[in-house]
């Protein structure tokens, strides 16, 4: 892809905006889908959140200051959209976020887009017991294989704090999986 500043200029220029946005979609649609899917767990919900994410990216690109990478900025938007979506869905259903997450995990077996097995479902159940921040850090590091520096930019947390969160998450998950 082009130099990031050049690419952003193309995204902002009405003459090159459509082609540049198509390139943005081509480049980031799959990684953002995977990131959102790791948070919301349901394919259809993921598609909705992904669409909202790209709408927000498009609407707010003029406000992007370049203080982080475009990738990190988009991931932050996707993360916030996914968490907001889950909180709103739980509120509409009159249940807690934790209950909603457990229902989503229970529904994974019936999801045609989920190709995991019982072990992966047990892992998701263990992850669901973690505090939200530890869940995010664990999923981004374990499933998406992001570097701590990238996660730090996305979540706005220091690398040291992320390493500690990940370490605590791993210990809790190991303990849960070995006792079950």
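Residue numbers (the numbering used here): 7 to 186.
Backbone N, C-alpha and C define an ideal beta-carbon position, used for all residues, glycine too.
- According to the DSSP assignment, residue 101 belongs to no alpha helix (DSSP H), since it is labelled neither H nor E.
- Under the criterion of beta carbons closer than 8 Å, residue 105 and residue 182 do not qualify as touching, at roughly 18 Å.
- Segment contact: the region 167-177 against the region 131-146, three or more CB-CB distances shorter than 8 Å; contact assigned.
- Assignment of residue 153 by DSSP, reduced to helix, strand and coil, places it in the coil class.
- Sequence-distant partners of residue 14 (beyond 5 residues in either direction) whose C-beta falls short of 8 Å from its own C-beta, in its chain, are 67, 70, 72 and 76.
- Boundaries of the alpha helix (DSSP H) around residue 171: 165-185.
- Just so you know, the alpha carbons of residue 50 and residue 17 end up roughly 28 Å apart.
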